[in-house]
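Mapping the sequence shown onto full-length UniProt numbering, position 63 (from 1) lands on 63, and the numbers just tick up by one.
Here the structure comes first, spelled out in structure tokens, and everything after it is commentary.
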Amino acid sequence: MSVAAPEPSAPFGHWAGGQITEHAHCLLQGNPGPMTLDGTNTWVLMRPGGSDAIVIDPGEDEAAHQQRVVDHVVGLGARVTRIVLTHGHADHSEGAPRLARLTGAPVQAVGRGHDDLSDGDVLRAGDLEVRVVATPGHTADSVSFALAADHALLTGDTVLGRGTTVVAHPDGELAAYLDSLERIKALTGDGALATILPGHGPTVPDAAAMVDFYQLHRRERLDQVRAAMAEGARDADAVVAMVYADVDRSVWPAAKMSVLAQMRYLESA
């Protein structure tokens with residue numbers, strides 16, 4: 001039996017970003033697609049009336065979008081003092097060098113030649129604190145950001161605003177992803193971080209329910225992959241054709257990455 005997903009807070013095509021919480025503004029990049037949903041969410045975190053802002057995920061390299069981020073922050077009477085990445089995929093990170101040139105702000109991420117972020121680091125925009133939470137699995141370098149002032153967790157692609165994410169084999173790894181979901185469950189289950197601000201799609205007002213869905217979905221997919229292999233599917237392409245038969249073929253390449261990650265997980269179990 002399929003697992004029912006929580007109802008998205010906005011239907012497809014109706015998510016536009018904006019000021020979402022007291023301290024979090026979302027600027028939606030115009031790059032919608034099967035993998036990016038409504039587009040990439042670029043997040044600006046700052047105190048109302050503050051002078052410093054943190055930008056999370058500048059998006060793809062697009063002069064108009066990065067300039068819009070700068071203009072938005074300047075319009076609030078502030079400046080970008082730090083640029084951070086949830087992970088290195090191009091739809092989140094490619095615009096970072098351009099935004100850094102425009103603002104003079106440093107770029108921070110996990111590895112890849114940037115100033116490294118580490119689990120538990122506290123980033124500040126004035127007196128607003130944002131804590132780094134390591135959540136590898138979608139990619140090896142995936143991190144989330146806890147915004148305790150708004151009871152929110154910014155998850156990048158680890159948890160999306162609708163649908164489920166890809167475990168991007170070979171960089172992504174399913175065991176790590178399942179551990180990260182457990183970590184997010186612990187952070188969101190008591191309501192301390194009740195809302196998810198994702199890298200794509202609308203906000204998730206019931207973080208705990210979405211994490212429950214993600215965990216159930218992963219278990220269901222593993223059962224389906226296991227069954228496909230038992231029925232004779234010997235490679236990832238064959239498994240995808242069986243398990244994802246009712247899914248748009250445009251996402252089959254991404255599905256194959258997840259299937260490879262699941263096959264590796266099952267082989268190592």
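Glycine included, C-beta positions come from ideal geometry on N, C-alpha and C.
Bounds of the alpha helix (DSSP H) holding residue 101 are 96 to 103. With respect to the 8 Å criterion, residue 203 and residue 20 are classified as neighbours on the basis of their beta carbons. Sequence-distant Cβ neighbours of residue 150 in its own chain, meaning closer than 8 Å and more than five residues away, are 21, 22, 23, 24 and 195. Residue 233: not part of any beta strand (DSSP E); DSSP gives it neither H nor E. In the DSSP assignment, residue 145 is bridged to 132 and 154. When secondary structure is reduced to three states using DSSP, residue 10 falls in the coil class, being assigned neither helix nor strand. For residue 202, no alpha helix (DSSP H) segment is defined, and its DSSP state is neither H nor E. Rounded to whole angstroms, residue 27 and residue 199 show a C-alpha spacing of 11 Å. Residues 225, 228, 233 and 259 of the same chain have their beta carbon placed closer than 6 Å to that of residue 239, with the five preceding and five following residues left out of the count. Per the DSSP secondary-structure output, residue 52 pairs in a beta bridge with 79. Residue 45 is bridged by DSSP to 24 and 54. Between residue 8 and residue 162, the gap from beta carbon to beta carbon is short of 8 Å. Put simply, of 85, 41, 44 and 95 the residue whose alpha carbon is nearest the alpha carbon of residue 66 is 95. Between residue 51 and residue 79, the C-beta spacing is below 8 Å.
Per DSSP, residue 262 lies in no beta strand (DSSP E) segment; the continuous alpha helix (DSSP H) that holds it begins and ends at 252 to 268.
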